[in-house]
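Residue numbers (our numbering): 841 to 1296.
Each residue gets a CB set at the ideal place from its N, CA and C atoms; glycine is no exception.
Predicted model, so just to flag it, every value in this text is computed and none were measured.
Below you can see the structure in the form of structure tokens.
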């Protein structure tokens, strides 16, 4: 059984705010991938990314980079070398950070030996060397990236898909570290049969954990499954939440009271019949023994389109949001919905402009309910062209109108809120040179700008 949410709210008018002049956080590269952005509890910003150079017909990674911005300052410090994170880094406590990297025995192919390693560090951008190995196993290849979750106390959990030598089966495994211990538990096997991939993991404020993943059941088809673990307890029974599609992203979140969310997309592209897509979310209320029936947030049918539709969950304190890319008529739109006291999401608010295609980039939420969402306006080829963001002040039920952050972007922008100023910082990638058709001549930088509130 499923239910559907209907109705869309329009943004309201408000005074415009200024954004600081864009700064280049990174040095020049031919491209930038895997960017992250976050704030620690003291208001320090941390950005990480992977620059690459175009060599012999392909992009080659140059190693991870990180840059940090101290509280109350307007500019990031110069970049420094950082791990190549495959999950995270995530910030916790006052200034601590944790992320996962992977060392491959050879190419990242199914059945190859993998060392999954944890890196502890600080929001200043410094990370532990050498890394600590959590597990050694056979990877599943391209869709085998691990996932990491943590709460503010430093309870850390890592999830990954582990392949059999023949690549005919892959299992979902989880290892946990409960603060203040420095070591992880022996891995638990959450799903030992079938072909399982794309794990997502989240840890709540009490130490509750939810893990969700996709299990292949046919050509291009998957089933979304999950398991939940109460703080101090054991893993509950496996639950089937709904149907998915191959390479459809899964995301998870757990609130302070133990309420858990799993969201995912279903998307099928056919050169003859076009694109059929839908966005789904399932909630497990605090204290409940299972998830409720999944809710379909939106269903889409259109021509062939490769616009990314991944949903994003954000929880903090008693507040929960979900954002996704939807469609109204012929236009791609960015939606945000707020969870009520029972955990269900309200009718979505459309934050992007009605006449311009848009794609979701980031979502951020503070304990007092202050929220920010970022997105890219898409050009006629449906690739990112401009970066925008919108703020929802604490106590308000709707977002302020979207504000232009940059008139040029190569990527969907990320957003994070400072716990001190309650204002968002946005990062995006931008080609700084003259237009070129040569990848080797691209001058791409990671850029950043911060919102300055309007004068009273």
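DSSP state of residue i mapped onto helix, strand, coil
i	result
residue 975	strand
residue 1026	coil
residue 1046	coil
residue 907	strand
residue 1279	helix
residue 1293	coil
residue 854	With a pLDDT of only 42 at residue 854, under 50, the local geometry of the prediction cannot be trusted, and no value is derived from it.
residue 878	strand
residue 995	coil
residue 1243	strand
residue 862	coil
residue 1015	strand
residue 1217	strand
residue 930	strand
residue 1003	strand
residue 1285	strand
residue 1074	coil
residue 1270	strand
residue 1194	coil
residue 1056	strand
residue 1250	coil
residue 1263	coil
residue 924	coil
Residue of the options minimising C-alpha distance to residue i
i	options	result
residue 1198	1242, 1212, 1116, 928	1242
residue 1014	976, 1082, 1218	976
residue 1192	1079, 1204, 1216, 934	1216
residue 1169	1063, 1142, 1219, 1000	1142
residue 1137	979, 1147, 1163	1163
residue 1227	1205, 1250, 1045, 981	1250
residue 1010	1196, 1126, 1054	1054
residue 1127	1145, 1046, 1175	1046
residue 1229	1203, 1275, 1238, 907	1203
residue 1147	1115, 1132, 1177, 1120	1115
residue 1061	1107, 871, 1090	1107
residue 1150	917, 1131, 1004, 1200	1200
residue 1016	1165, 1263, 998	998
Exposure label - residue i; buried when at least 16 CB within 10 Å
i	result
residue 990	buried
residue 884	buried
residue 1113	exposed
residue 879	buried
residue 852	Because residue 852 sits at a pLDDT of 37, beneath the cut-off of 50, its placement in the model cannot be relied upon, and the following sentence gives the value as read from the coordinates. The residue is exposed, with fewer than 16 neighbouring Cβ atoms inside 10 Å.
residue 1105	buried
residue 1260	exposed
residue 1059	exposed
residue 995	buried
residue 1220	exposed
residue 1222	exposed
residue 1194	exposed
residue 1006	exposed
residue 1292	exposed
Heavy atom of the ligand ZN within 7 Å of residue i beta-carbon
i	result
residue 1002	Annotation note on the ligand ZN: not contained in the displayed structure, which lists no ligands.
The segment 1260-1269 in contact with the segment 1279-1291 per 3-pair CB rule at 8 Å: Remark: three or more beta-carbon pairs, one from each stretch, lie closer than 8 Å, so the segment 1260-1269 and the segment 1279-1291 are flagged as touching.
Contact between the segment 962-977 and the segment 1031-1051 (3+ Cβ pairs under 8 Å): The segment 962-977 makes no contact with the segment 1031-1051; the number of CB pairs closer than 8 Å stays below 3.
Could you tell me whether the segment 912-927 touches the segment 984-1004, where touching means 3 or more Cβ pairs closer than 8 Å? A contact between stretches requires three or more CB pairs, one per stretch, nearer than 8 Å, and the segment 912-927 meets this requirement with the segment 984-1004.
Within the chosen definition, does the segment 1087-1099 reach the segment 1019-1026 through at least 3 CB pairs nearer than 8 Å? No, they do not touch.
Can at least three beta-carbon pairs, one atom from the segment 1069-1080 and one from the segment 1153-1162, be found at a separation below 8 Å? Touching, no.
Identify every run of the beta strand (DSSP E) within the segment 1092-1118, keeping only runs that are complete inside it and at least 3 residues long; order them along the chain. Counting whole runs of 3 or more residues, the segment 1092-1118 contains the beta strand (DSSP E) stretches 1100-1110.
Using 8 Å as the cut-off, can you tell me whether the segment 1205-1222 makes contact with the segment 1182-1189, which would need three or more C-beta pairs spanning the two stretches below that distance? No, the segment 1205-1222 is not in contact with the segment 1182-1189.
At what residue ranges does the segment 1112-1190 contain a whole run of the beta strand (DSSP E), taking only runs of 3 or more? Runs of the beta strand (DSSP E) lying entirely within the segment 1112-1190 and spanning at least 3 residues, in chain order: 1114-1124, 1135-1142, 1152-1156, 1159-1168, 1171-1178.
Determine, using beta-carbon pairs with one atom in the segment 949-956 and one in the segment 889-903, whether at least three such pairs fall under 8 Å. Flag = no, the segment 949-956 and the segment 889-903 do not touch.
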